[in-house]
Every structure is written in structure tokens, then in C-alpha cells.
Amino acid sequence: MLEYLIFVLSLSSLLLGASLLTNSARHIAKIAGISEFVIGATVVAFGTSLPELASSIQAMLSGHPGIVVGNVLGSNVANIGLALGLTSVLFPVYVSRQITDIDIPFLLASAVATYVVFIDLKVSWIEGLILISMYMAFIFHEISQNHSQDRAIKEKLDHKQLIAFFLGAALLHIGARYLISSALIISENLRIGEALIAFFLVAIGTSLPEIAATLMSAK
Numbered sequence: 016m017l018e019y020l021i022f023v024l025s026l027s028s029l030l031l032g033a034s035l036l037t038n039s040a041r042h043i044a045k046i047a048g049i050s051e052f053v054i055g056a057t058v059v060a061f062g063t064s065l066p067e068l069a070s071s072i073q074a075m076l077s078g079h080p081g082i083v084v085g086n087v088l089g090s091n092v093a094n095i096g097l098a099l100g101l102t103s104v105l106f107p108v109y110v111s112r113q114i115t116d117i118d119i120p121f122l123l124a125s126a127v128a129t130y131v132v133f134i135d136l137k138v139s140w141i142e143g144l145i146l147i148s149m150y151m152a153f154i155f156h157e158i159s160q161n162h163s164q165d166r167a168i169k170e171k172l173d174h175k176q177l178i179a180f181f182l183g184a185a186l187l188h189i190g191a192r193y194l195i196s197s198a199l200i201i202s203e204n205l206r207i208g209e210a211l212i213a214f215f216l217v218a219i220g221t222s223l224p225e226i227a228a229t230l231m232s233a234k
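According to our numbering, the sequence shown is numbered sequentially starting from 16.
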């Protein structure tokens, strides 16, 4: 049972670290005079994916690519199925024309690209660069479409934000390390493949920030 306790504690550390890192980075970006929308489209959007990114990197460093695949695919299914599905059950969800004309087609294109790179059962570094380029293109498009409507708000430097930034990074690293190790032990105990345990257990856990943010924004 100890591995389950370690899993919960490491997941909590991972989520807390991501929250501290994202919030402090957002304040630091404001100090630099970066607009609210750009911060939202980059720092905050990237920050909510930090748990998945950190745990996936740790899994690769540990030599367990199955967890990476299960985590990435499971997180996307959880974001759409749980975050959007649960929110729409509780509250009506309205979308803008930009979402149906641009964002959803880009989402579908990303899904197709993911399928294509998985066809040969291997994702090369070139394919990885292509996926990153697609993400960067989407971010730049979002910023170019909306940044003119937003004003930059400068804030004064608060040393607490720097402390929170490095503390968040440390918690993120520790949480990711023990999350993967405990997930592997659970996988062995239950005699379930690591990709499957990542698809359900790790992916849903690391998707909690998106699920919570979606529910809160819909109220």
C-alpha cells in the first residue's frame, strides 16, 4: 500500500509545483511588461501541461517510453472526455466562431499528425520537431490574432515570486520522479502494462489542473 501513498503524495507535489511555477512565471512575465493575453496563451497554457511534460520526461529518462505514450494519449482523452464532458453536463458550454473555424480544425490536424508519426511505431527527433513546430505555429497565430486587444500591465518585482518559482521547479522534479517510480511498482503489483497504467492512472492525475480550470471557468 505504500506505493499508493507515494503516488498520491508525488502527484500532489507535481500539481503544487506546476501551480507555483506557473503563477510565479506569470507574475515575472508581467514585470517584463508582457500582456495578459500573451501570458495566458503561453505561460498559463504551457503551465497546465507541466505535470504531463515533467512526468513524461522522467519516464523517458527512466527508460519507460510506454508510460510516455500512455500519459500523452490518456491526458488528451481525459481533457476532452472528462474536462469538457463533465463541464458540459454541469453547465452549458458555448463556443465562439474562432474555435469552430480555427481551433478545432487545428486540434483535428494535431490528432492526424499524431496518428501519422505513430504509424511506424516510433517517433523520431524530426517528427518531434514537426510536432513542436505545429504547437509554436498555433501559439503565434493566437497571439497575432489577439495581442492588439490587450494591454501590458507591469508589476513590481517580488522576491517571493522568485522563491515560488524555484520551489515550484523543485517540487515538479521531485513529484515527477516519484510519480513514475510508484506508478511502475503499481503496474507490477497489478500485473498491468505500464502504458495502460499511465493511460488511466497517471494521465487522469496529471490532467487534474485542466479539469479543475475548465470547471471553474464554466461557473
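Don't be surprised by glycine CBs; every beta carbon is placed ideally from N, CA and C. This one's a predicted model, so the numbers in the text were calculated from it and none came from an experiment.
When the distance is taken between beta carbons, is residue 29 closer than 8 angstroms to residue 199? Here residue 199 is taken as the residue at index 184 of the sequence shown, counted from 1. Here residue 29 is taken as the residue at index 14 of the sequence shown, counted from 1. Contact: no.
With residue 214 as the anchor, note down where its alpha helix (DSSP H) starts and where it stops. Along the sequence shown, one-based indexing puts residue 214 at 199. Unbroken run through residue 214: none, as it is neither H nor E.
Roughly how many whole angstroms lie between the Cα atoms of residue 54 and residue 215? Counted from its first residue, the sequence shown places residue 54 at position 39. Counted from its first residue, the sequence shown places residue 215 at position 200. The straight-line gap from Cα to Cα measures roughly 31 angstroms.
Compute the distance between the beta-carbons of residue 218 and residue 36, then report whether it is under 8 angstroms. Looking up residue 218 in the sequence shown gives position 203. Looking up residue 36 in the sequence shown gives position 21. Cβ distance not < 8 angstroms, so residue 218 and residue 36 don't count as in contact.
Pull up the CB-CB distance for residue 70 and residue 229, whole angstroms please, since I reckon it's below 8 angstroms. Here residue 70 corresponds to residue number 55 of the sequence shown, with the count starting at 1. Here residue 229 corresponds to residue number 214 of the sequence shown, with the count starting at 1. The Cβ separation is near 20 angstroms, so there is no contact.
C-beta atoms of residue 18 and residue 207 nearer than 8 angstroms: Here residue 18 refers to the residue found at position 3 when the sequence shown is read from its first residue. Here residue 207 refers to the residue found at position 192 when the sequence shown is read from its first residue. Not in contact: residue 18 and residue 207 (Cβ atoms no closer than 8 angstroms).
Report yes if the CB atom of residue 180 is closer than 8 angstroms to the CB atom of residue 43, and no otherwise. The residue given as residue 180 occupies position 165 in the sequence shown. The residue given as residue 43 occupies position 28 in the sequence shown. For residue 180 and residue 43, yes; Cβs fall inside 8 angstroms.
Measure the alpha-carbon distance for residue 197 versus residue 64 and round it to whole angstroms. Working through the sequence shown from its first residue, we reach residue 197 at position 182. Working through the sequence shown from its first residue, we reach residue 64 at position 49. Near 21 angstroms, if we compare the C-alpha coordinates of residue 64 and residue 197.
Can residue 32 and residue 144 be called in contact, C-beta distance under 8 angstroms? Residue numbering aside, residue 32 sits at position 17 when the sequence shown is read from its first letter. Residue numbering aside, residue 144 sits at position 129 when the sequence shown is read from its first letter. Cβ atoms of residue 32 and residue 144: not closer than 8 angstroms.
Drop a sphere of 10 angstroms on the beta-carbon of residue 45, count the other beta-carbons inside from all chains shown, and report buried for 16 or more, exposed for fewer. Position 30 of the sequence shown, counted from the start, is the residue given in the question as residue 45. Residue 45 is buried by the Cβ-count criterion.
Looking only at its own chain, which residues have a Cβ that is under 8 angstroms from the Cβ of residue 210, when we skip the five neighbours before and after it? As a working note, residue 210 is residue 195 in the sequence shown. Counting only residues of its own chain and dropping the five nearest sequence neighbours on each side, residue 210 has a CB closer than 8 angstroms to the CB of 81, 82, 84 and 85.
Residue 156 by DSSP, collapsed to three states: which one? Position 141 of the sequence shown, counted from the start, is the residue given in the question as residue 156. Helix, per DSSP.
Enumerated in chain order, which unbroken segments of the beta strand (DSSP E) with a length of 3 residues or greater are wholly contained in the stretch 50 to 105? none
Measuring only the C-alpha atoms, how far is residue 177 from residue 191? Your numbering for residue 177 matches position 162 in the sequence shown. Your numbering for residue 191 matches position 176 in the sequence shown. Distance from the CA of residue 177 to the CA of residue 191, rounded to the nearest whole angstrom, comes to 21 angstroms.
What does the alpha-carbon distance come out to for the pair residue 119 and residue 132? Residue mapping note: residue 119 aligns to position 104 of the sequence shown, counting from 1. Residue mapping note: residue 132 aligns to position 117 of the sequence shown, counting from 1. Spanning the alpha carbons of residue 119 and residue 132 requires a straight line of approximately 20 angstroms.
According to DSSP, simplified to helix, strand and coil, what is residue 124? As a first step, residue 124 must be located in the sequence shown, where it is residue number 109. Looking at residue 124 - three-state DSSP - the assignment turns out to be helix.
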